[in-house]
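Using this note's numbering, the first residue of the sequence shown is number -6, and each one after it goes up by one. A virtual CB, placed ideally from N, CA and C, is assigned to each residue, including glycine.
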Amino acid sequence: MNTQEALISELNKLLKGGSAHASFEHSIKGLSLKTAGQKVDKLPYTIWQLVEHIRIAQWDMLEFSKSAEHVSPEWPKGYWPTETAPADEATWEKSLKQIKDDLADFIHLLKDADMYATLPHGDGQSILREALQIADHNAYHTAEIIMIRRLLGDWE
């Protein structure tokens, strides 16, 4: 395995979670819709709002990485849902599927692109930077999901 392949392999592991971080999939395993929308006193977000925020931000970073035509949502309003709970099971599943699919698309992009090249439509970003940002962002909010589940008495 050459250095490039080794880096892509490690980024793949980092993006999917595990190793030193709990994976996003593990953080939501067995989570009920009721719990996903439940507020915890003095915390600003529900699990649903965190899941949607992860979905929106990851989608934005993926699309930004792929195209100069992409227009990001307004910050911060466009990155956070106002609804505290998913409307129904289909809405919940659609969000989870997009998170999974967009992550797979980004990993595919990472393998096919020059990850070090500066994106011509950015202000210094590269695919490598976006990969690290997605991994960091998702790990941060995954930890918040687990903390909320613990506070609600809904964690292993």
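Check whether the stretch 114 to 123 and the stretch 74 to 84 are in contact - that is, three or more C-beta pairs closer than 8 Å.
no
Give the secondary structure of Gly11 by DSSP, where H, G and I count as helix, E and B as strand, and everything else as coil.
strand
Using the C-alpha atoms, what's the distance from Val64 back to Thr(-4)?
34 Å
Applying the criterion that 16 or more other CB atoms from any shown protein chain within 10 Å of the CB defines a buried residue, is Gly10 buried or exposed?
buried
Is Glu124 buried or exposed, if buried means 16 or more other CB atoms sit within 10 Å of its CB?
What sits at residue 124 in the sequence shown is Ala, not Glu. Classification of Ala124: buried, given that the 10 Å Cβ count is 16 or more.
Excluding five sequence neighbours on each side, which residues of the same chain lie with their C-beta closer than 7 Å to the C-beta of Ile100?
Asn5, Leu8
At what residues does the alpha helix (DSSP H) containing Thr77 begin and finish?
Taken as a continuous stretch (DSSP letters only), Thr77 belongs to no alpha helix (DSSP H), as it is neither H nor E.
What are the residues that DSSP puts in a beta bridge with Ser119?
Thr111
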